[in-house]
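Line order of the protein sequences matches chains R and W. Under our numbering, think of the first position of the first sequence as 389, with each following residue one higher. Under our numbering, think of the first position of the second sequence as 191, with each following residue one higher. Note that the Cβ used here is the ideal one computed from N, Cα and C, for glycine as well. Here is the structure we will look at, set down as structure tokens.
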Amino acid sequence: MKERRSLCVVKVGGSLLRDGRSYIESAENIKKTFVDADRLPIVVVSAAKGVTDLLIEVAKGSKKHLEAVTEKYLSIASEFSSPKLSRRVHEELEHLKRVANTISGSFDAALQDLIVSFGERISKILMVEALEHVNVRAVELNARELIITNNIHGDASIDYVATANNLEKIVKPILETSATPVIEGFIGATEDGAVTTLGRGGSDYTATAIASLLGIDDVYLVTEVDGIMTADPALIPSAKIIKVLSYREAMEAALHGAKRINPKAFEPLEKFYGSTVFIGSWRTFGTKIQRELPADLAGPKLVMHKTSGDIPYIAIIGEGVGNTKFLKMIIDIFYEKAFSILGIQSYYYRPSILVYVQKTEELKILRELHKSLFEGAKP
Amino acid sequence: MRNVNVVVMGFGNVGRAFVKVVSLKRKMIAEKYGININIVAVGDSKGVAIKKEGFDEYELLKMSELPRSSLHMFAPYGRQEVDIKEVYRETEPHIHVELTPANYLTGEPGYSNILFALRNNAHVVTANKAPLVLHYSEIMNEARSRGLSVRFRATVMGGTPFLEMLSSMKSHDIERVEGILNATTNYILTEMHENLVDFEQALKKAQAIGVAEADPTLDIEGFDAAAKLCIISHVIGKPINMNSVYRESLSKVTLKDVLDAVRQGQVIKYVALLDTQNKVASVKIVRLPKDNILAQVGGVLNAVRVKTDATELFFVGKGGGRIETAHSVFDDVLSIVLEKVIGK
Ligand SMILES: NC(=O)c1ccc[n+]([C@@H]2O[C@H](COP(=O)([O-])OP(=O)(O)OC[C@H]3O[C@@H](n4cnc5c(N)ncnc54)[C@H](OP(=O)(O)O)[C@@H]3O)[C@@H](O)[C@H]2O)c1
């Protein structure tokens with residue numbers, strides 16, 4: 389029997405799930421980081437790397453892609469040398485095939501969701517096996533029974549009341565068996581039982597919704613990178629990991645196209661219990677996202693650029709950057725370096741400043757701002 | 191705390207759902223009623239898993255993750271082949287739960303299993319209709335003579351307590367029972383009307399989402415609905431034979447029929463009827479005006495209209511669905527425990 393406060397939510401991203409070996413590595417890390425520390429993680433899994441894209445092609449009628457999915461999952465399953473597991477995965481793939489065979493000419497969003505859902509369904513089975521393989525007692529939960537959504541296929545929203553009810557009912561049995569539950573991210577079902585998917589980054593949304601609705605303090609989103617960076621490291625190699633962000637800052641960054649943050653994932657956290665979200669890799673969870681920031685952590689957190697239409701803009705994101713003093717500092721930088729400003733947008737209540745700039749100067753400005761804001765260079 | 195040993199035969203859709211529901215709810219039941227529901231053995235077509243002391247929650251959950259026909263691989267409890275004698279000798283069950291497939295020619299394996307259970311002093315809960323349809327009196331007499339119960343509310347409108355309600359209407363003379371008793375065919379018809387697809391396409395979709403079996407014969411040819419009428423007839427004490435039910439095949443319905451009906455403000459439904467006054471029973475394709483109450487029952491919903499000499503009732507609910515059916519089975523188990531096992 390485990391205590392309720394030992395619960396946490398851990399989402400394992402698809403980029404980490406490539407082959408049998410990587411499922412076991414994830415399982416070992418779940419064991420080391422959480423189970424051995426006496427915590428009971430609710431594990432949310434994505435489909436194995438690349439599978440969702442293949443399944444989208446399957447939903448368009450491609451037999452070739454169906455074969456690719458089949459081969460991929462059967463080969464991962466075979467790495468465990470468990471006849472039970474191979475048969476189970478085979479059964480699921482047969483089911484997928486039956487569904488795929490019903491595709492007729494016209495596009496059917498409900499059918500596409502059903503087909504795509506097999507990516508997570510099979511991944512879950514593999515993760516449970518991997519956990520058992522490293523001696524962690526693990527059981528499957530079924531997202532299609534627990535996560536209730538509206539019927540917007542492809543981009544469904546979670547029905548928080550119905551889902552909270554379902555989740556609340558299984559918490560006690562989970563704590564009693566102390567077995568690590570594993571659930572599919574990204575998928576759910578309507579009240580009528582039709583399978584839905586939650587849209588891009590939907591697994592994060594599943595994870596935060598579960599945590600928030602059950603009042604769980606910590607959500608861990610595990611990917612390949614150690615955290616969210618002050619800028620895109622491909623452009624600015626000196627970019628650093630941001631230690632703490634507020635929900636508002638994270639959502640603002642997502643709005644302007646930041647990778648690895650899914651704005652929908654913050655909805656349950658804002659509406660219900662405000663769990664803390666940790667983003668990172670098995671090496672380190674570098675970034676912590678929380679509801680409120682202590683006053684001393686206000687200020688710029690990251691810079692990014694976005695080219696929408698003809699005029700690109702630079703976004704500087706952070707609580708309090710809309711104040712007059714900070715604005716003046718930014719304008720001073722532009723003035724000193726003789727960059728032109730084509731437009732500027734800032735509201736005192738938003739955690740961002742947008743500066744519209746010339747295409748030719750875009751990257752130079754980004755670097756300059758990063759240097760003065762995050763690398764201690766005097767403007 | 192009183193221990194109640196339960197044996198489950200059949201581990202398909204309903205069997206798995208039942209085992210899972212028990213694992214999630216048995217603690218709650220224990221707290222509320224002071225009884226421990228112990229699942230001591232589970233069998234499929236290839237083998238059994240036996241644990242005399244009863245499987246714990248974790249084991250039950252792991253069991254429901256097994257692939258088909260794999261109970262024998264459930265280490266260390268699994269065994270090849272199903273020997274019901276061995277199961278009973280080792281576990282001494284109080285209640286037998288029969289969730290095997292329906293075979294309307296022989297009633298097997300349900301018929302033999304149920305008689306074996308009764309003869310070994312176990313109460314019976316069945317979702318399998320065939321043994322009841324073919325051998326109702328024999329089974330009931332066997333049970334009565336031993337003071338045992340046979341419950342089967344999952345067999346008709348499986349997700350609802352319809353049969354319980356019907357059997358409690360003891361002062362009524364039930365004249366007519368009419369309705370949509372098969373979820374698969376109702377889903378297919380709804381698909382045809384709503385998406386204007388032909389029968390084959392609708393059937394394929396039903397199979398894809400798991401509403402229809404790979405072999406849909408029992409549903410499409412009306413056997414399932416006829417069997418349900420037969421069980422209803424026994425419950426109200428006016429038994430009919432399943433062979434005497436007139437059946438039409440739903441596969442006759444074309445998309446053109448549907449379009450014709452719709453044009454005339456009608457809906458095509460697959461309606462089962464038991465008319466005890468004229469002693470006729472049928473499962474037929476009928477056209478109903480759009481505003482008829484049965485016409486409005488879509489998808490996997492079922493509905494029945496019961497006319498008695500005193501009143502008329504209308505009952506709507508989920509026909510099947512593994513989870514709903516599993517709850518009906520569980521409810522039967524609990525009502526036996528509360529009335530018979532504990533009371534004794
Ligand atoms: N599905 C529903 O919603 C629903 C609703 C109401 C009533 N029912 C009735 O409930 C029963 C079970 O339905 P289901 O959907 O669960 O069927 P199912 O998925 O076909 O499962 C049948 C199970 O019975 C096992 N079995 C077959 N022969 C056996 C034998 N000789 N001894 C022991 N086990 C045997 C099968 O073994 P394998 O696994 O090895 O094949 C399988 O586990 C049926 O009679 C059905 O009509 C179903």
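Mark residue i as exposed unless 16 or more other C-beta atoms lie within 10 angstroms of its C-beta, in which case mark it buried.
| i | result |
| --- | --- |
| Y608 (chain R) | buried |
| T476 (chain R) | In the sequence under discussion, the amino acid at residue 476 (chain R) is Arg, which differs from the Thr named in the question. Result: buried. |
| R741 (chain R) | A small fix is needed here, since residue 741 (chain R) is Ile in this sequence, not Arg. Buried. |
| N553 (chain R) | exposed |
| Q500 (chain R) | buried |
| T578 (chain R) | buried |
| M389 (chain R) | exposed |
| V397 (chain R) | buried |
| S600 (chain R) | buried |
| V519 (chain W) | buried |
Pull up the distance between the alpha-carbon of residue i and that of residue j, whole angstroms please.
| i | j | result |
| --- | --- | --- |
| I535 (chain R) | A582 (chain R) | 12 Å |
| R336 (chain W) | I274 (chain W) | 20 Å |
| M515 (chain R) | Q454 (chain W) | 54 Å |
| S566 (chain R) | K215 (chain W) | 16 Å |
| G401 (chain R) | T596 (chain R) | 14 Å |
| T468 (chain W) | P406 (chain W) | A small fix is needed here, since residue 468 (chain W) is Asn in this sequence, not Thr. Cα to Cα, the separation comes out at about 31 Å. |
| E528 (chain R) | L428 (chain R) | 14 Å |
| T458 (chain R) | R486 (chain R) | 13 Å |
| I229 (chain W) | T281 (chain W) | 10 Å |
| S394 (chain R) | K659 (chain R) | 23 Å |
| I630 (chain R) | G706 (chain R) | 11 Å |
| E508 (chain R) | D521 (chain W) | 33 Å |
| H453 (chain R) | E749 (chain R) | 43 Å |
| N203 (chain W) | H758 (chain R) | 59 Å |
| D580 (chain R) | F389 (chain W) | 22 Å |
By Cβ distance, which residues of its chain are closer than 6 Å to residue i, with the 5 residues on each side in sequence left out?
| i | result |
| --- | --- |
| K210 (chain W) | S254 |
| M199 (chain W) | G233, E288, T290 and N303 |
| Y736 (chain R) | G710 |
| W670 (chain R) | N417 |
| S472 (chain W) | Y436 and L463 |
| I677 (chain R) | L633, A638 and V665 |
| G668 (chain R) | D614, G615 and G674 |
| P299 (chain W) | T290 |
Where DSSP assigns a beta bridge to residue i, which residues make up the other side?
| i | result |
| --- | --- |
| R192 (chain W) | W:I225 |
| D606 (chain R) | R:T664 |
| T584 (chain R) | R:G576 |
| L742 (chain R) | R:A703 and R:Q733 |
| F520 (chain W) | In DSSP, F520 (chain W) forms no bridge with anything. |
| H478 (chain R) | DSSP lists no partner for H478 (chain R). |
| M692 (chain R) | R:A703 |
| D465 (chain W) | W:R366 and W:V470 |
| Q456 (chain W) | W:P479 |
| R336 (chain W) | In DSSP, R336 (chain W) forms no bridge with anything. |
| F505 (chain W) | W:V494 |
| A526 (chain R) | R:T568 |
| L395 (chain R) | R:L428 |
| G493 (chain R) | None, per the DSSP bridge assignment. |
| K676 (chain R) | R:V632 and R:F666 |
| A239 (chain W) | W:V232 and W:G268 |
Taking 7 Å as the cut-off, is the beta-carbon of residue i closer than that to any non-hydrogen atom of ligand 3?
| i | result |
| --- | --- |
| K428 (chain W) | This structure lacks ligand 3; its bound ligands are ligand 1. |
CB-CB under 7 Å to residue i, same chain, minus the five flanking residues each way: which ones, in chain order?
| i | result |
| --- | --- |
| K395 (chain W) | E381 |
| F468 (chain R) | G408, E517 and H521 |
| V238 (chain W) | A231, V232, L261, R269, V272 and V277 |
| N193 (chain W) | N226 and N228 |
Which chain B residues sit within Cβ distance under 9 Å of residue i?
| i | result |
| --- | --- |
| T565 (chain R) | The structure shown has no chain B; the protein chains it does contain are R and W. |
Going by beta carbon distance, what residues of the same chain come within less than 8 Å of residue i, once the five residues before and after it are set aside?
| i | result |
| --- | --- |
| L386 (chain W) | L445, V448 and L449 |
| P767 (chain R) | For P767 (chain R), the pLDDT reaches just 47, beneath the cut-off of 50, and the residue's location in the model is therefore unreliable, although a value from the coordinates is still provided. Result list for P767 (chain R): M717, D720, I721, E724 and S760, in chain order. |
| I422 (chain W) | V346, L353, L356, V367 and L464 |
Inset, instruction - Pick out the complete beta strand (DSSP E) segments inside the segment 471-503 of chain W, 3 residues or longer, and give them in chain order. - result: DSSP runs (the beta strand (DSSP E)) wholly in the segment 471-503 of chain W: 491-498.
Inset, instruction - Write down every uninterrupted run of the alpha helix (DSSP H) in the segment 375-406 of chain W whose length is 4 residues or greater and which is fully enclosed by it, in chain order. - result: 389-398, all fully within the segment 375-406 of chain W.
Legend entry - Segments of 4+ residues assigned as alpha helix (DSSP H) that fall wholly inside the segment 421-488 of chain R: 439-447, 451-466 and 471-488, all fully within the segment 421-488 of chain R.
Inset, instruction - Please specify which runs of the alpha helix (DSSP H), each continuous and at least 4 residues long, are wholly inside the segment 583-659 of chain R, giving them in chain order. - result: Qualifying alpha helix (DSSP H) stretches, in chain order: 590-601, 635-643 and 654-659.
Inset, instruction - Entirely within the segment 250-325 of chain W and at least 3 residues each: give me those beta strand (DSSP E) ranges in chain order. - result: The segment 250-325 of chain W contains these whole beta strand (DSSP E) runs: 268-270, 285-288 and 313-316.
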